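Reviewing the structure listed below.
Protein chains: 2
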Amino acid sequence: MSSSFSHHGLQASQYTILFFLSICLAFFNVEAKVHHLKWEIKYEFKSPDCFKKLAITINGLTPGPTVTATQGDTLVIDVTNSLLTENVAIHWHGIRQIGTPWSDGTEGVTQCPVQPGDTFTYRFVVDRAGTYMYHAHYGMQRSAGLNGLIRVLVPEGTVEPFEYDDERHLLLNDWWHKSTYEQAAGLSSPTFEWVGEPQGHIMTIVEADGHYVEPVVVKNLNIYSGETYSVIVKADQDNSSNYWVALNVVSRKPNTATGTAILNYYPNHPLKSPPTVAPVGALWNDTAYRVNQSKSIVSHHSYIEAPPRTTDRTIILLNTQNKINGHMKWAINNVSFTLPTTPYLIAMKNKLHHVFSQKPAPETYDYENYDIHTVLSNPNTSSSNSIYKLGFSSTVDIILQNANTLSPNNSETHPWHLHGHDFWVLGFGKNKFDPKVDPKNYNLVNPIQRNTVPLHPYGWTALRFSANNPGVWAFHCHIEAHFFMGMGVVFEAGVEKVGKLPKSIRGCGESK
Amino acid sequence: MSSSFSHHGLQASQYTILFFLSICLAFFNVEAKVHHLKWEIKYEFKSPDCFKKLAITINGLTPGPTVTATQGDTLVIDVTNSLLTENVAIHWHGIRQIGTPWSDGTEGVTQCPVQPGDTFTYRFVVDRAGTYMYHAHYGMQRSAGLNGLIRVLVPEGTVEPFEYDDERHLLLNDWWHKSTYEQAAGLSSPTFEWVGEPQGHIMTIVEADGHYVEPVVVKNLNIYSGETYSVIVKADQDNSSNYWVALNVVSRKPNTATGTAILNYYPNHPLKSPPTVAPVGALWNDTAYRVNQSKSIVSHHSYIEAPPRTTDRTIILLNTQNKINGHMKWAINNVSFTLPTTPYLIAMKNKLHHVFSQKPAPETYDYENYDIHTVLSNPNTSSSNSIYKLGFSSTVDIILQNANTLSPNNSETHPWHLHGHDFWVLGFGKNKFDPKVDPKNYNLVNPIQRNTVPLHPYGWTALRFSANNPGVWAFHCHIEAHFFMGMGVVFEAGVEKVGKLPKSIRGCGESK
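Taken in order, these protein sequences are the chains called C and W.
Residue numbers for the first sequence follow the numbering used here, beginning at 1 and rising by one.
Residue numbers for the second sequence follow the numbering used here, beginning at 1 and rising by one.
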């Protein structure tokens, strides 16, 4: 496994750079545009790290083309599947798909997969500026290279709460030498930390998942799978040198070399080697340091959208590693998630109640008796495709509770991603969440809104969201192998309010 | 690339062995059985030649389980696709599917592919005893390991035109260390010869593709992709030794070692090494020797079903290697074949005329001016999914005409396979087929009936069949990579007589 930057050789002169696009929430009366893109998905041999392997490409590229649009615009993307025998589906990560839940691109939840030879049209509005991404949401095709960036610009004339001279975009993704089929047959994937060791440079975090952040200055930025950030770097150092940008794995002990890129000061040659060795960043197992950074990400003071003061429902989700018939799985409240062959959205709109379990998914676990610090004595579990039905527009709290894996003294980091909504991040805690005590310490003043949040080792993370987007939405660990192994749930709310489903999402299971 | 036997260590004592099942055409009034099989298709790591790679398996096996039934029985096979993102379709090679054209398993022709998580039920009658096979008919999944044998036994009490004491079954298949995706991205596959060098043993060919052969004694048997044979071997040699069975590539210069198995005489240890080196067989480029063997395969004198004396239509198919946009292709009469996303059978029954080209596929080529011995000066061609509509129950002659490839002084061997029918093999010739002269030399007395026949380098092969099976049927080179690269055609006959199509074959293209 190795890591790759989408841009090698970052260039800077004596001015301020915005890494990742950053955004604002102001609205202007400008005419929205329709961007019509045509993408062909196919296999091509690629050698990003000098090892030749087949990658899933978009118009010949991996990462795929960066999509740029302005807030309020409509994206119309014709995706032609030119894979040989393999289907595909593309998720627009961070786009809430308000009114178009069938365009979320989540195979098994919102659509049938797109078959070889078919063209599927995704059509949706990018209703909020920010830095987002897109990637396959089917099997483990994201790891095979099907991913890219979405930049949603602020409307012209909008004043942002920071200034910069230029911008660069980095997409961090895992890259294995084995095929995704081989991965699916046994491997799982570590999370990553992008360690921007500054050697004099610092980074200011200004945006996360499309929301302004109260500026935080950091030397290292921990990025978990599924997260997007904008950071400002001031190029104010000695311009006779270039500088290292370095990337390291966290949470699992790294077994790959530090990934590096060069921050290039003009007029130095872009490949002029920096005078020092590449920095190594924080220790991979320094959990407290990472939790503190998670806690430091709060809403910019001028852009606070306060959460509801109370919740209508609290769902506690215990994250455990389990086994089914000897196969390693992940489970939520002792249920390892599987997708039905008929997508939920189609099944629920058409009242095909028999295609997935009608038993409600479990609301909590036995938190009074469960010891999150020990290995399960009986790791066996079972799988289900049961879901959570939420009251439309109700307020829902989700508590993610971590636990020991099947290895003694081991608990992992899980970045959870919610489709169709942002949630407020109310708090992080150590050990076992106590529903009587911990809610009293929630941040209800200036919590950040996000679509992806880490659950730290042996800890808990508390989230709140309004179930106000009619549809059926996945919520899952964004480590592709973990979701594949059952680490996810599905929420339904207001499905009866969803408009007529397009025929194009049909063609699998009972929707032929 | 290496070769593998489905059984290593053949065992024999002093009696006569039938290699491959052999059969007869007599009919008895015995009650037909229904065999209900449940198959799960998935990826598993396999190391048949000590190189670990992912294979597509059936119930954990590659080759898949051998299917055994008696003539007149019904096979009901529930195929569950447990591949991650990949569809599947299984063809029952040599089974004519009379009355069940939707069970032929040919993706794009007779059905939509079976999607991950779905179960598709194939149901058909095995109406004629013989040795057949099954394999994937989608992309290049056959090469990935999805293949196996079908034995259709003669009804109890039937007297066969030969005797034997025991039987063994060998399935020969190519085995690459690269994945089928990597193959699809560039490789093509050679044909194989199974060289049963006897060292005293001889083989008697008694059956081919489910038809009795007038016995032919051979030292080496040339088997082309898609063919099945029964041969009798008399174990009459010195029983203190074991003996080599050897396999070599023909038609293309081999770059793999000779494949070997041991013919084991009891009570020798099965792995006791034979006292000699493994035999090497005939030269890979000894075309005349192979053409003569092809010509020697004629119908057993007691089982002759004579062909119609005249034909209603003659279609001449020129086989050429071409290019489209720089990509290597194969073409028939200058058309490189592609499959539509909506299967022909569904499209034609439902009169969806717009889903494939309605222009008739070309009936012949410019044989008066075309020089089959030179490289094409302009190799560029185009692709089409046009087909041949045949009069129902009409008699059709097909002339396969070979030519030079894009390499000077090179012409390859192409084994052509017809779905849904057997054809009579009327003749083989060198150089260019002359429609005025060559039909006068057709064998109309005792031609063998087959479903697969080789087209030899720089030669022609003449076939005749009755288009009496209502449906839509593929006819193509059985080398998987060649069909993938466009080397095929499709015949329709009597589609209006086909019964109601099962809903299960739908779900792709315009059949959602």
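Every residue, glycine too, gets a C-beta built ideally from N, C-alpha and C.
None of the values given here were measured: they were computed from a predicted structure.
Does DSSP put residue i in a helix, a strand or coil?
{"i": "Q115 (chain W)", "result": "coil"}
{"i": "Y265 (chain C)", "result": "strand"}
{"i": "E492 (chain W)", "result": "strand"}
{"i": "N451 (chain C)", "result": "coil"}
{"i": "D438 (chain W)", "result": "helix"}
{"i": "K497 (chain C)", "result": "helix"}
{"i": "S393 (chain W)", "result": "coil"}
{"i": "W102 (chain W)", "result": "helix"}
{"i": "N380 (chain W)", "result": "strand"}
{"i": "A474 (chain W)", "result": "strand"}
{"i": "I316 (chain W)", "result": "strand"}
{"i": "R168 (chain C)", "result": "strand"}
{"i": "V291 (chain W)", "result": "helix"}
{"i": "H353 (chain C)", "result": "helix"}
{"i": "D238 (chain W)", "result": "coil"}
{"i": "M328 (chain C)", "result": "strand"}
{"i": "A347 (chain C)", "result": "helix"}
{"i": "T311 (chain W)", "result": "coil"}
{"i": "T66 (chain C)", "result": "coil"}
Pull up the distance between the alpha-carbon of residue i and that of residue j, whole angstroms please.
{"i": "A493 (chain C)", "j": "T258 (chain C)", "result": "44 Å"}
{"i": "P113 (chain C)", "j": "Y138 (chain C)", "result": "8 Å"}
{"i": "V195 (chain W)", "j": "A144 (chain W)", "result": "For V195 (chain W), the pLDDT reaches just 34, beneath the cut-off of 50, and the residue's location in the model is therefore unreliable, leaving the point undetermined."}
{"i": "V437 (chain W)", "j": "G429 (chain W)", "result": "11 Å"}
{"i": "S230 (chain W)", "j": "Q199 (chain W)", "result": "20 Å"}
{"i": "G471 (chain C)", "j": "K389 (chain C)", "result": "11 Å"}
{"i": "K512 (chain W)", "j": "T320 (chain C)", "result": "39 Å"}
{"i": "G488 (chain W)", "j": "T287 (chain W)", "result": "23 Å"}
{"i": "I346 (chain C)", "j": "M140 (chain C)", "result": "23 Å"}
{"i": "V152 (chain W)", "j": "T66 (chain W)", "result": "11 Å"}
{"i": "G210 (chain W)", "j": "H353 (chain W)", "result": "36 Å"}
{"i": "N285 (chain W)", "j": "N248 (chain W)", "result": "12 Å"}
{"i": "L263 (chain W)", "j": "V277 (chain W)", "result": "14 Å"}
{"i": "S383 (chain W)", "j": "H327 (chain W)", "result": "12 Å"}
{"i": "F192 (chain C)", "j": "F392 (chain C)", "result": "Summary for F192 (chain C): the model assigns pLDDT 28, below 50, so the residue's position carries little reliability, and this model does not support an answer."}
{"i": "I315 (chain C)", "j": "T62 (chain C)", "result": "38 Å"}
{"i": "G281 (chain W)", "j": "T256 (chain W)", "result": "14 Å"}
Quick one: measure Cβ to Cβ for residue i and residue j, integer angstroms, because I've assumed they're closer than 8 Å.
{"i": "A474 (chain C)", "j": "I399 (chain C)", "result": "18 Å between Cβ atoms; not a contact."}
{"i": "R313 (chain W)", "j": "V396 (chain W)", "result": "5 Å"}
{"i": "V206 (chain W)", "j": "I232 (chain W)", "result": "6 Å"}
{"i": "G427 (chain W)", "j": "N441 (chain W)", "result": "6 Å"}
{"i": "P274 (chain W)", "j": "W244 (chain W)", "result": "5 Å"}
{"i": "S357 (chain W)", "j": "S386 (chain W)", "result": "4 Å"}
{"i": "N402 (chain C)", "j": "L317 (chain C)", "result": "Their Cβ separation, rounded to whole angstroms, is 10 Å, which puts N402 (chain C) and L317 (chain C) out of contact at 8 Å."}
{"i": "V79 (chain W)", "j": "H36 (chain W)", "result": "With a Cβ gap of about 12 Å, V79 (chain W) and H36 (chain W) do not count as contacting."}
{"i": "M348 (chain C)", "j": "V159 (chain C)", "result": "43 Å between Cβ atoms; not a contact."}
{"i": "G60 (chain W)", "j": "E86 (chain W)", "result": "Their Cβ separation, rounded to whole angstroms, is 17 Å, which puts G60 (chain W) and E86 (chain W) out of contact at 8 Å."}
Is the separation between the beta-carbon of residue i and that of residue j shorter than 8 Å?
{"i": "F433 (chain C)", "j": "W460 (chain C)", "result": "yes"}
{"i": "T131 (chain C)", "j": "H419 (chain C)", "result": "no"}
{"i": "Y134 (chain W)", "j": "Y212 (chain W)", "result": "no"}
{"i": "G72 (chain C)", "j": "D118 (chain C)", "result": "no"}
{"i": "Q115 (chain C)", "j": "A89 (chain C)", "result": "no"}
{"i": "I297 (chain C)", "j": "I448 (chain C)", "result": "yes"}
{"i": "A241 (chain W)", "j": "Y266 (chain W)", "result": "With the sequence shown as reference, residue 241 (chain W) is identified as Ser, and Ala is not the correct amino acid for it. Going by C-beta atoms, S241 (chain W) is not nearer than 8 Å to Y266 (chain W)."}
{"i": "G226 (chain C)", "j": "H421 (chain C)", "result": "no"}
{"i": "Y365 (chain W)", "j": "N333 (chain W)", "result": "yes"}
{"i": "G486 (chain W)", "j": "T342 (chain W)", "result": "no"}
{"i": "N380 (chain W)", "j": "I324 (chain W)", "result": "yes"}
DSSP puts residue i in a beta bridge; with which residues?
{"i": "F484 (chain W)", "result": "Looking at the DSSP assignment, F484 (chain W) forms no beta bridge with any residue, so it has no partner."}
{"i": "L75 (chain W)", "result": "W:H35, W:F124"}
{"i": "G130 (chain C)", "result": "C:V152"}
{"i": "H135 (chain C)", "result": "C:H91, C:N147"}
For residue i, which residues in chain D fall below 7 Å Cβ to Cβ?
{"i": "Y266 (chain W)", "result": "Annotation note: the requested chain D is absent from the structure, which comprises protein chains C and W."}
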